[in-house]
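Each remark here refers to the structure printed beneath this line.
Residue numbers (the working numbering): 8 to 177.
Below, the structure written as structure tokens:
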């Protein structure tokens with residue numbers, strides 16, 4: 008697919024201005040420590056546009072953009088205690104449950120779009136405690152938010168911050 012695209016562009020290069028850079032980058036999944044992010048941030052690569060092939064849909068679909076990605080780690084801290092005397096502790100799990108209930112139907116604000124599916128929120132993992140007879144002193148959840156281009160990322164963080172403060176106050 009990419010080679011055919013490069014061949015087409017080469018055959019029609021007189022119709023285009025600028026420069027085509029073909030990069031066979033690795034490590035484009037979660038983290039991308041040595042992929043495009045590395046090339047842009049560490050090597051100073053600059054581009055006005057990019058064609059990024061993805062094996063999804065058998066390379067038969069052309070996307071004109073991609074949703075933004077925000078991964079968050081949310082942590083609640085309590086006080087560990089033995090399960091036979093939970094009144095001596097403060098479970099970190101219950102404030103997390105309150106937070107998750109509060110954001111269950113929340114979605115990032117989104118500009119109108121005919122090109123993208125709506126923004127999404129996913130809780131990918133939650134961890135609290137290690138044994139059933141202890142009040143968990145810490146609870147963490149991992150949040151995956153996919154938002155539309157044109158969305159203010161700080162507005163997303165501000166909105167979730169308000170929910171966290173409300174849960175903390177309660």
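Note that CB positions come from ideal geometry on N, CA and C, so glycine has one too.
Classify residue i as helix, strand or coil using the three-state DSSP reduction.
i, result
"residue 178", "Because the chain here runs from 8 to 177, residue 178 falls outside it and cannot be looked at."
"residue 46", "helix"
"residue 71", "coil"
"residue 57", "coil"
"residue 177", "coil"
"residue 83", "strand"
"residue 13", "helix"
Could you tell me the boundaries of the beta strand (DSSP E) in which residue i lies?
i, result
"residue 133", "127-135"
Among the options, which one has its Cα closest to the Cα of residue i?
i, options, result
"residue 106", "124, 120, 80 and 88", "80"
"residue 152", "96, 20, 135 and 116", "116"
"residue 146", "73, 140, 134 and 175", "134"
"residue 137", "90, 72 and 45", "90"
"residue 144", "103, 127, 160 and 164", "103"
"residue 170", "123, 71 and 114", "114"
"residue 139", "45, 87 and 150", "87"
"residue 148", "21, 84, 156 and 142", "84"
"residue 31", "141, 13 and 163", "13"
"residue 158", "55, 28 and 119", "119"
"residue 142", "110, 99 and 176", "99"
"residue 110", "166, 124 and 70", "166"
"residue 74", "41, 50, 150 and 125", "125"
"residue 164", "44, 56 and 128", "128"
"residue 132", "21, 43, 150 and 176", "150"
"residue 175", "123, 112 and 101", "101"
Bridge partners of residue i, per DSSP?
i, result
"residue 89", "141"
"residue 170", "Note: residue 170 sits in no beta bridge, so no partner."
"residue 78", "151"
"residue 97", "86"
At what residues does the alpha helix (DSSP H) containing residue i begin and finish?
i, result
"residue 100", "100-110"
The stretch 94-110 touching the stretch 70-78, judged by at least three CB pairs closer than 8 Å: Touching, no, given that fewer than three Cβ pairs across the two stretches are closer than 8 Å.
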